[in-house]
Amino acid sequence: MWQEMNKPKMATEKGASRVLMLLGQLERLNEEPKVSDTDATRQITGKILHIIQTQEKTRKEVMSKGSSGMDVILSTLENTGDLQTTLNVLSILNELLTVGGGRRTGVFVSKGGTAILLQLLVSSSKDPLNEELMLHIHTLLFKVGPKDDITSSSDRKFGVKARLNGALNVTVNQAKHNLQNHKLLLPCLQVLRVYSGNLVNAVSLGKSGALELMFEIIGPFSKKSTTLLKVALDTLAALLKSKMNARWAVDRGYIPTLLAIYQDWHRNDTRHRHMIIRKSILGCIKNLTNIKLGRKAFIDANGMRILYNTSTECLPVRTLDPLVNTSSLIMRKCFPKNRLPLPTIKSVYQYPLPRILAGGPVAQLYSLPPGVDDVVDESDENEATEVDTENDTENEDDETGHKTQNDDIETDINKLRPRQMQSRPFDELRVYERFCLEFTQYFKDNDFQSPGSVMPPSSFDPNRHHPLIIPTTQNRRPKNIQPPRSNDSPLELDSISISKTLEGKPNPDLACSLGQLVLDGDVSVNGESGDGPQEESGDQAVIEVPDTAALLPLHDPDLYLEMVKGTRSVPAYTEVAYPDYFGHVALNLREPILERAYGVQRTKIFQDIERLIHPSDILDRVVYDLDNQSCPILDNGESLKFNSKFESGNLRKAIQIRKFEYDLILNSDINSNHYHQWFYFEVGNMRPGVRYRFNIINCEKSNSQFNYGMQVLMYSVQEAINGSPQWVRTGSDICYYKNHFSRSSIAAGGQKGKSYFSMTFTVTFQQKDDVCYFAYHYPYTYSTLKMHLQKLSGLCTSEIYYRQDELCETLGGNSCPLLTITAMPESSSNEHISQFRSRPVVFLSSRVHPGETNSSWVMKGSLEFLMSSSPQAQSLRESYIFKIIPMLNPDGVINGNHRCSLSGEDLNRQWQNPNAELHPTIYHAKSLLQYLRATGRTPLVFCDYHGHSRKKNVFMYGCSVKETVWQTNVNTSNCDLHEDLGYRTLPKLLSQMAPAFSLSSCSFVVERSKEATARVVVWREIGVQRSYTMESTLCGCDQGKYKGLQIGTRELEEMGAQFCVGLLRLRRFTTPLELHNHNSHLLDMENDLKDPRSIPNITSPTTYVLEEDEPAFLEEVDYSAESNDENDPDFEPDLQDNRVLPDPSSDSELSRQDSLT
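The following block contains the structure:
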């Protein structure tokens, strides 16, 4: 019994040893070949084949490590002249490479097997045809050649070897002569498909007649030979990736042929069993439309309508989504490129600069001849940027991407080391002593009897005063942005009395009265009667509004209007937006990240395509236009009314496309022709219960958090009147995708073939006669800041040292406030004064980018905490002297810019060499920092608050020599990288206490492209080790307490307060009394950093490359063909999750309160 059970195993072992013995005999025959040995070689190879076919273990034995079996087999194949021996060896190789093909194929390739096969193919073609031989050779070549999913085992140089050995024409001729012999034709076509993966080969094959051959094979619907047809179509698609082949096919009219074939398969494949063949046909059409000539032929052949109709019929069947997606991609590509419907892509507004730097962006912008700033580029030179984002192109991108992965990371150690640069002469810096009076001030007894607040004189200038309007879209009449004439003037704010409800409670009578006054148009706030003549300008109108001041301690509508009067804007705004006037009360409800509906992007794209297919359905009616001040305001009751002529407003043009659909165009930053992202506008005359679609059609970034659950913000005036003055997240069917509007290379940094992107959302209004506002994020205007600062000063007590200075005046004539906040000394004794002056400095700034309004809300949270009466706040004030610039770019904020100041430049790229005239806020902020360093008061912490448009959570970017070098291939000893790891302390503390903060998203890498930012310059030139950019999401959080929720002003302000608490805890690690704990903490940090699992890895080639940290959708989303080339100035490298870091959502950490006593 035992012998019977082990008999198969023993037989296998015997067979394995026998095959090795036979290989040994074969090796000896190869070494001493004789003519008489032919029969012996034939017999031995036949026996080896039989054993390998019947016993799997023998295959493993032959291919095992250290075995010379593959060498012997290939040597026999190369040297034998016997046909039967050749067939035996080819059969052996086929068996060996069929199972476990990955590693075995790699061994075959490494032994030179590909070249031997190709040489055999060419030599055999000179002899009379042997079908079995050709079948074996082509079958093996197909197994060895690379497929679409390139693996390390396949021969990546297969195409080059085939061309150099002259194998291309051999295979083409074999296919031509065997059109009816499908057994041999199929492997020939498979090998031609592999050949065609090389672009040079594709061109050569096209010249050899491979294209005509493929069109002979493919044809209308048939249930026969579907495998052969699929391979022929895939081969044709690969050949058509060559522009030369594509032009040949288009010239011979093959696009209409392919469309007809596709329609036939679509009609007859009723059970959808041949979806892959239908997709392969679309693949051929897709490659033909990569050239301009192909797109034109597709349009002429009515391709848009054909694919639209077939795709519409496929929509109900989920399994046909690949057909719908590919059809959508083709139609979008062939949709005629248009320029934006604007007279110029330059901003509507221009601001004369005191000087224009030669070669700068403004000089280039205004040196262009008229009419050439937005030219649609359809030349074939840009075709490479218009290819799709299918997997067949991503492999090549990945292969080249690894070579340039760290190109933007600084590798020069000397440049990485912080250097104490020779700043301006101290005599020049002495002027900044006036911003540091606390260091020289001698406090007298009477200073402790009153609040230690120093306030600047009022910024209100009667000469700047213009009549202001609280706007309404109802009965709006066209008017210029210049101050109204006396005979058509609105009511001035001084003549408006405001009645408020108490305690913020809604008053039904008040809501009804205000609804009639403002919204129904019976009496407008402009002083006009709906039916009667215009009121005299001296009459007084009474506007009753909710008392938001009772709900918002820092908001006062009366004070806000006073602040607006002193705000200078380029368009000379005369209107005030309701939300800024009423104020915003943070929602108590949590707003979850929107779950994306499957197919929403596809639906929107098909609706866009319908514009071309059904042009008669398109209204194309301009309803709002800043370029045309005389644009008629339609009052037909069928169109929405728009407005953005107020502080921070941005909407340039609105076009009614369909009855309930509007295309919206944003204005460029002033003195610029791009930067379109921030929007803030008013809508009126809506119908309740109707779904309105809004499309912002000139977005520039290649992706957005709108694709990952972010919603727009809406403010309803009716809801505010009823007691809910709140910005709320709204909108459904939200998506962000590339559209058919072409970006000029002038506006795209010289890159050709770029397109704009659409951000689309749908809103259903609930209130009748409402006025609603939409914004990219929670607005925070410059006038709001001034109001908040004045209200904050009222919170000052005798314990608080608070001083507000004017750092400088901006280009637009607005004041840039500088705050100094600390605790008053305990007394005027020398000891207490000395302790007061020895406090370390913390320097905070915010809002250098106007569109990042979330940074102002974070700053508001920090300021309120600093001015509060809590013991923690007092301990913090006693620990530090705070220098705060809450708004570095007032002009950009006022005028609705997204990124730039009036100079047309990104101020956060000017820190290396700021110009006092063009970049005054940066110039004086840097000079103040230089003064602090020169006087021995280099800040302990510098933090610039920002917002991030493509990532979730709140996180920090810092500067580290070690972590930068770790991301490169630079070889450096540990002694060369010695640095204090204290830069990680504050982020780690924040991750333990702030629920929105994510340590795993932080990066401390220094990039070349960021060398002129505040973070890097302050670290490198001022010598601040803890120099940070703190980025707050515009969307929401994907970790911690707020996971799955969109972020609101409450959470942003909380982050600002938690940052202050983090500074309080940081003080423990920077005082001599806590030196021991500080050292042990740094030791822990060092151990964390040395753990390779905790070292963040850069996943994107450069900081300009978008690598989303989001999961893929079930729906295939084609964001852009240009994602890997997008030049994104605010994008930082994404980091992989760092699992060894502490959980930032630890509730126990959040509940602990620190207080220094």
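Residue numbering for the sequence shown follows my numbering, beginning at 1132 and increasing consecutively. We put the beta carbon where it would ideally sit given N, CA and C, even for glycine.
Using three-state DSSP, classify residue i as helix, strand or coil.
| i | result |
| --- | --- |
| Asn1774 | strand |
| Thr2233 | With a pLDDT of only 29 at Thr2233, under 50, the local geometry of the prediction cannot be trusted, and the value read off the model is given with reservation. Residue state, collapsed to three classes: coil. |
| Lys1410 | helix |
| His1397 | helix |
| Met2161 | strand |
| Ile1786 | strand |
| Asn1469 | strand |
| Ile1349 | coil |
| Trp1379 | helix |
| Trp1120 | Outside the shown range of the chain, which is 1132 to 2288, sits residue 1120, and nothing can be said about it. |
| Tyr2011 | coil |
| Phe1888 | strand |
| Cys2191 | helix |
| Cys1762 | coil |
| Ser1198 | coil |
| Asn1961 | helix |
| His1871 | strand |
| Ser1255 | helix |
| Leu2204 | Only weak support is given to the placement of Leu2204: the predicted model assigns it a pLDDT of 40, under 50, and the value that follows is read from those uncertain coordinates. Helix, per DSSP. |
| Ile1487 | coil |
| Cys1830 | strand |
Identify the residues that DSSP records as bridge partners of residue i: which are they?
| i | result |
| --- | --- |
| Thr1239 | The displayed chain sequence assigns Phe, not Thr, to residue 1239. Phe1239 pairs with nothing; no bridge assigned. |
| Arg1824 | Glu1792, Thr1893 |
| Ser1863 | Thr1893 |
| Glu1940 | Ser1946 |
| Gln1935 | Leu1950 |
| Gly1815 | Lys1772, Val1902 |
| Val1753 | Ile1786 |
| Met1845 | Val1859, Phe1905 |
| Val1972 | Ile2012 |
| Cys2031 | Asp2037 |
| Gly2167 | Gln2177 |
| Ser1977 | Tyr2076 |
| Ile1422 | Answer by DSSP bridge pairing: none, since Ile1422 is not bridged. |
Near residue i, what residues of its chain come up, given a Cβ to Cβ distance below 8 Å and the 5 sequence neighbours on each side ignored?
| i | result |
| --- | --- |
| Glu1937 | Pro1587, Ser1946, Cys1947, Pro1948, Leu1949 |
| Leu1249 | Leu1272, Lys1292, Ala1293, Asn1296, Ala1298 |
Can you give me the Cβ contacts of residue i inside the same chain, cut-off strictly under 6 Å, excluding the 5 residues immediately before and after it?
| i | result |
| --- | --- |
| Ser1222 | Leu1180 |
| Gly1200 | Leu1154, Val1193 |
| Thr1172 | Leu1160, Thr1216 |
| Thr2376 | This structure gives no information on residue 2376, because the portion of the chain shown stretches from 1132 to 2288. |
| Lys1899 | Pro1819 |
| Ser1148 | none |
| Ala2047 | Tyr2054 |
Looking only at C-alpha atoms, which of the options sits nearest to residue i?
| i | options | result |
| --- | --- | --- |
| His1715 | Phe2073, Thr1915, Glu1162 | Thr1915 |
| Gln2005 | Arg1555, Cys2191, Asn1418, Arg1149 | Cys2191 |
| Ser1779 | Phe1566, Phe1905, Cys1939, Ala2143 | Phe1905 |
| Pro1981 | Arg2030, Glu1940, Arg1970 | Arg2030 |
| Phe1812 | Asp1739, Tyr1909, Ala1703 | Tyr1909 |
| Leu1771 | Ile1749, Asn1802, Val1753, Asn1816 | Asn1816 |
| Leu1157 | Arg1190, Gln1184, Ser1195, Thr1211 | Thr1211 |
| Lys1314 | Glu1263, Gln1849, Ala2188 | Glu1263 |
Report all residues from its chain with a CB closer than 7 Å to the CB of residue i; omit the five preceding and five following residues, and keep chain order.
| i | result |
| --- | --- |
| Lys1242 | Met1201, Asp1202, Leu1205 |
| His1403 | Val1448, Thr1450, Leu1451 |
So, is the C-beta of residue i closer than 8 Å to a C-beta in chain B?
| i | result |
| --- | --- |
| Pro1971 | Included in the structure is just one protein chain, with no chain B present. |
- Message: So within the stretch 1204-1232, which uninterrupted alpha helix (DSSP H) runs reach at least 4 residues, ignoring any that extend past its ends?
- Response: Correct list: 1214-1229.
- Message: Give the list of continuous alpha helix (DSSP H) stretches no shorter than 4 residues that lie fully inside the stretch 2062-2142.
- Response: Listed in chain order, the complete alpha helix (DSSP H) runs (minimum 4 residues) inside the stretch 2062-2142 are 2092-2097, 2116-2124.
- Item | alpha helix (DSSP H) runs wholly inside the stretch 1426-1474, at least 4 long, in chain order | Listed in chain order, the complete alpha helix (DSSP H) runs (minimum 4 residues) inside the stretch 1426-1474 are 1434-1445, 1452-1465.
- May I have a chain-ordered list of the alpha helix (DSSP H) segments no shorter than 4 residues that lie completely inside the stretch 1707-1732? Counting whole runs of 4 or more residues, the stretch 1707-1732 contains the alpha helix (DSSP H) stretches 1709-1713.
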